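Working notes for the structure below.
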Amino acid sequence: MIAQGTDATTLDGHLYTDSPTASIMEHMIETLFSFEPDGRIVPKLATSYTASADGRTWTIKLRSGIRFHDGTPFNAEAVKFNLDRVLDPATRAAFRFLIDRVTEVTAVDDTTVRIVTNAPFAPMIAHLAHSGTGIQSPTAIRRLGADYSRSPVGTGLFKFREWVRGDRVVMTRNDDYWGEKAYLDEVTFRAIPEDGTRVLALEGGAVHVAVRVPPRDIERLEKVAGIRVDNTSSLRTIFVAFNTQRPPFNDKRVRQAINYAVNKRAIVGTSSPPTGALAGTARISDAPIAPNVQGYTSTMTYEWDMDKAKALLAEAGHGRGLSFTMHHPTGRYVRDAEIAAGIQALLRRVGVEARLVTMEFGTYVATIRGPKAIDEIQMGMLGWGCITGDADYGLYALFHSTQWPPNFNTAFYKNPRVDALLDQGRTTMDQSARDRIYKEAMKIIMDDAPWLFLHSESQVTGVRATVQGLIVHPTERMVAHRAWIRR
Amino acid sequence: MWSYIAKRLLLAVPVIIGVAFIVFAMVRLIPGDPAMVIAGQAATPEYIAAIREDMGLDRPLLVQFGLYFKNLAVGDLGRSIRSKAPVTEEIWARLPNTFRLATASMLVAASVGVGAGIVSAIRPYSLLDAAVMVAALAGLSMPIFWSGLMMILVFSVILGWFPAFGTGSLAHLVLPSVTLGMTSAAIIARMTRSSMLEVLRTDYIRTARAKGQVERVVIGSHAFRNALIPVITVIGLQTGTLLSGAVLTESVFAWPGVGRLLVEGILTRDYPVVQGSVLVVAFVFVFVNLAVDILYAVADPRIHYT
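Chains D and L, in that order, give the protein sequences. Every number in my numbering is 36 more than the matching position in the first sequence, counting from 1. Every number in my numbering is 2 more than the matching position in the second sequence, counting from 1.
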């Protein structure tokens with residue numbers, strides 16, 4: 037029994053947008069490829085693939101002899117049906133953009149699918165590993181229509197049993213699974229929104245797993261007998277974007293000075309026993325993307341150096357001080373408001389006054405991506421979960437100059453060299469060549485400092501000691517595929 | 003009586019329309035683009051535009067308002083933007099839970115409150131009275147999210163008597179209903195006490211005692227029945243408080259009711275869900291008020307409705 041903060045929003049694998057729902061769906065519905073916790077992408081419902089020399093045609097071989105939970109055979113037609121459904125704008129699939137370069141999906145024979153894209157697109161296979169492109173039973177979707185979102189049918193290790201709205205989703209083991217079967221008879225995801233209740237439910241033994249343990253409870257919980265606290269890195273990077281198009285942050289020296297002035301160790305709390313806003317549950321960013329993302333290399337960090345910060349500020353003509361506003365959300369990322377206040381206090385020590393503008397997330401995201409953001413926002417905190425596990429998704433959307441708001445380049449960053457590299461990374465098929473390209477791009481980005489680089493978040497999960505084999509995936513999913521309970 | 007009820011029901015119509023109007027305006031006054039919130043982190047501008055179109059947010063406000071009322075007239079509350087399911091279905095799935103919680107809490111509040119109030123009134127200014135009143139003050143002052151967690155800690159984690167969260171058996175109902183009922187019990191106790199004290203000082207009580215009537219009858223039928231009117235009023239008003247308190251209680255105890263649906267709706271800017279939930283709560287509130295007024299007549303034969 038796994039306790040999450042929210043209930044499933046929908047059980048249609050193509051329609052949800054949130055990770056608590058994704059956790060549930062991935063027990064029932066499988067993808068062509070799978071994104072392993074260590075960052076590798078391996079075939080799942082597929083067995084192999086080949087890409088044409090021009091990088092536009094992908095031929096994917098499928099496993100044979102698999103059936104959906106309702107008995108419908110899994111084959112190339114089913115894959116075509118699903119990908120076409122995601123691609124159809126009327127479906128309103130949130131993750132359509134992952135494969136929106138696809139122009140044609142063809143079922144060549146029963147176990148072969150051909151996908152054609154309008155331009156070479158290297159992250160294709162990584163995107164087919166995202167659960168938003170999961171393969172669901174065409175029969176069930178056709179038969180149930182809108183009601184399908186209440187009774188999903190996939191090929192996964194567990195079969196759907198019941199969904200009590202706002203309370204729980206229950207799944208039972210699929211005894212006809214095509215591979216090694218699951219150990220657990222049943223998996224239940226319960227929605228317990230209140231952090232305190234979730235932790236208490238774990239302590240009382242009512243649930244086996246509690247996600248998102250608040251930092252304040254970690255130390256106490258670690259001492260409770262029969263419970264362990266897992267700290268797993270996530271693919272979510274937290275940063276504060278500078279508006280690089282307007283003063284004072286159109287000057288690289290000012291941006292670097294702020295990076296030097298903020299002591300990330302104090303925020304993350306790397307001392308022992310852990311202190312700081314995050315109680316040691318995060319990792320200081322040494323690149324714009326988190327480790328475990330394909331294409332990541334440790335690039336550099338701005339070590340805390342107040343003298344260097346002051347010197348850079350003086351050089352930029354702000355020797356007598358500087359003031360600006362910093363927008364940030366509250367309640368969205370782990371301790372976001374506390375971190376913003378910490379940044380404010382650290383900046384004050386180098387003569388910089390940051391006025392904080394705190395907003396509820398819904399309001400916040402509309403403001404920083406709004407039409408007037410370029411004139412209104414000087415600095416804004418944001419997090420980016422690189423959900424595909426591929427550097428393209430973690431860099432292109434955030435640093436390419438075509439991606440200014442309403443897209444997600446909230447720093448209004450523009451560097452022709454970075455643009456060119458990111459375009460290359462997208463169209464180069466050879467992974468080691470891509471790694472080199474991203475390495476160079478990240479080096480330029482770190483030096484240009486369009487962000488105040490902060491940290492990548494950790495997922496703190498409370499688990500009963502009897503639970504074995506549970507995977508807390510970097511994509512913020514709970515995976516109980518191979519879990520069991522020790523008696 | 004029946005004409006009175008009919009009149010009151012008719013009067014409820016403008017109230018509900020007013021609420022519908024206010025809710026419509028209110029959710030649109032919350033800053034932030036709901037389409038952007040719903041679309042999630044990764045959404046492209048095209049996807050956000052499509053969502054906006056689905057929600058009808060691309061249309062002029064007046065048109066949105068017209069459509070909303072037209073659908074409302076036929077009982078259509080729209081579809082949830084997040085789950086894509088009809089709002090009526092989302093609410094129906096949760097309403098029984100909220101009713102169960104509210105009813106149980108009301109039972110707790112009324113029995114504990116009235117009982118404590120009478121006990122206090124019989125021995126005014128005694129140690130017992132002071133103790134009950136201090137307990138009432140404490141019950142009134144404790145915020146639900148705190149007292150709720152304490153209840154879970156003591157009765158679920160330490161003693162293991164009741165489940166900490168969720169629905170299912172009757173045992174699931176105990177902690178949330180006691181937590182939620184406590185605040186109202188405190189208010190009802192205070193009201194019962196003062197109302198009883200007032201009645202106990204009247205001449206007819208002295209007469210009853212002078213007649214040699216047993217104390218149990220004096221308190222139980224002479225005094226209590228007459229002290230009941232203000233108590234019923236308070237209980238009726240508390241029903242509203244219970245419904246709004248349910249929002250917090252349902253979150254703390256992971257109780258899948260309308261209150262939590264409302265909170266999640268607000269957080270995700272799910273306009274149709276927010277509108278629908280508030281309307282339903284308003285509906286219930288109007289009818290509870292009517293029921294309270296009718297109960298007056300039952301408790302006090304001097305009250306007639308024409």
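Built from N, CA and C at the ideal position, the CB exists for glycine as well. Since the model is a prediction, treat every value here as computed from it, not as a measurement.
Contact list for residue i against chain D, beta-carbon separation under 8 Å
| i | result |
| --- | --- |
| L/Gly-162 | Gly-240 |
| L/Ser-171 | Residues of chain D passing the Cβ test: none, with the nearest at roughly 13 Å. |
| L/Asp-56 | Arg-128 |
| L/Ala-49 | Sequence check: residue 49 of chain L is Tyr here, not Ala. Going along chain D in sequence order, the residues near L/Tyr-49 (Cβ under 8 Å) are Arg-128, Ala-130, Arg-132 and Phe-133. |
| L/Ala-52 | Pro-125 and Arg-128 |
Buried versus exposed call for residue i [16 or more other C-beta atoms within 10 Å across all chains shown]
| i | result |
| --- | --- |
| D/Asp-145 | exposed |
| D/Gln-330 | buried |
| D/Phe-448 | buried |
| L/Glu-48 | exposed |
| D/Glu-339 | exposed |
| D/Ile-274 | buried |
| L/Gly-68 | exposed |
| D/Arg-384 | exposed |
Neighbouring residues, chain D, relative to residue i (Cβ below 9 Å)
| i | result |
| --- | --- |
| L/Ile-154 | Gly-232, Thr-233, Leu-236, Ala-237 and Gly-240 |
| L/Gly-261 | Under the 9 Å cutoff, chain D gives no residues; its nearest Cβ is about 10 Å from L/Gly-261. |
| L/Leu-151 | Glu-230, Gly-232, Thr-233 and Leu-236 |
Cβ neighbours of residue i in the same chain (closer than 6 Å, five flanking residues each side left out)
| i | result |
| --- | --- |
| D/Met-415 | Val-276, Phe-278 and Met-362 |
| D/Ser-270 | Glu-493, Gln-495, Pro-510 and Glu-512 |
| D/Asp-43 | Gly-202 and Ala-227 |
| D/Val-515 | Ile-507 and His-509 |
Residue i in three-state terms, based on DSSP
| i | result |
| --- | --- |
| D/Asp-106 | coil |
| D/Ser-270 | strand |
| D/Met-415 | strand |
| D/Lys-479 | helix |
| D/Asp-426 | strand |
| D/Glu-230 | coil |
| L/Glu-48 | helix |
| L/Leu-139 | helix |
| L/Met-3 | coil |
| D/His-354 | coil |
| D/Tyr-369 | coil |
| D/Gln-40 | strand |
| D/Leu-164 | coil |
| D/Ser-84 | strand |
| L/Trp-163 | coil |
| D/Asp-466 | coil |
| D/Ala-246 | strand |
| D/Met-64 | coil |
| D/Phe-444 | coil |
Beta-ladder partner(s) of residue i, from DSSP
| i | result |
| --- | --- |
| D/Met-207 | D/Phe-196 and D/Val-223 |
| D/Ser-59 | BP columns for D/Ser-59 are empty, so no partner. |
| D/Ser-359 | D/Glu-389 |
| D/Ile-77 | D/Phe-71 |
| D/Ser-494 | D/Ser-269 |
| D/Gly-421 | D/Arg-272 |
| D/Met-514 | D/Val-508 |
| D/Lys-97 | D/Ser-84 and D/Thr-148 |
| D/Phe-278 | D/Met-415 |
8 Å Cβ shell around residue i - same chain, five flanking residues per side excluded
| i | result |
| --- | --- |
| L/Met-153 | Leu-177, Val-180 and Thr-181 |
| L/Ala-299 | Met-3, Ile-305, His-306 and Tyr-307 |
| D/Val-265 | Val-249, Ile-254, Leu-257, Glu-258, Val-496, Thr-497, Gly-498 and Val-499 |
| D/Met-395 | His-363, His-364, Pro-365, Thr-366 and Thr-403 |
| L/Ser-158 | Phe-164, Pro-165, Ala-166 and Leu-177 |
Where residue i meets chain L, residues with beta-carbon distance less than 8 Å
| i | result |
| --- | --- |
| D/Ser-185 | Ser-85, Lys-86 and Ala-87 |
| D/Leu-51 | Lys-86 |
| D/Arg-405 | Met-38 |
Contact set for residue i: own chain, Cβ-Cβ below 7 Å, skip 5 residues either direction
| i | result |
| --- | --- |
| L/Ala-225 | Met-198, Val-201, Leu-202 and Ile-207 |
| D/Thr-502 | Ile-521 and Arg-522 |
Per-residue contacts from residue i into chain A (C-beta, under 7 Å)
| i | result |
| --- | --- |
| D/Asp-203 | Looking at the structure shown, chain A is missing, and the protein chains on hand are D and L. |
Neighbour list for residue i in chain L, Cβ cutoff strictly below 7 Å
| i | result |
| --- | --- |
| D/Thr-497 | The contacting residues do not exist; D/Thr-497 stays about 18 Å from chain L at best. |
Cross-chain neighbours of residue i in chain D, by beta carbon under 7 Å
| i | result |
| --- | --- |
| L/Val-46 | The sequence shown places Thr at residue 46 of chain L, not Val. Within 7 Å Cβ-Cβ: Phe-133. |
| L/Val-159 | Leu-236, Glu-239 and Gly-240 |
Contact list for residue i against chain L, beta-carbon separation under 9 Å
| i | result |
| --- | --- |
| D/Pro-324 | Under the 9 Å cutoff, chain L gives no residues; its nearest Cβ is about 16 Å from D/Pro-324. |
| D/Arg-226 | Phe-167, Gly-168 and Ala-256 |
| D/Asn-443 | Thr-46 and Pro-47 |
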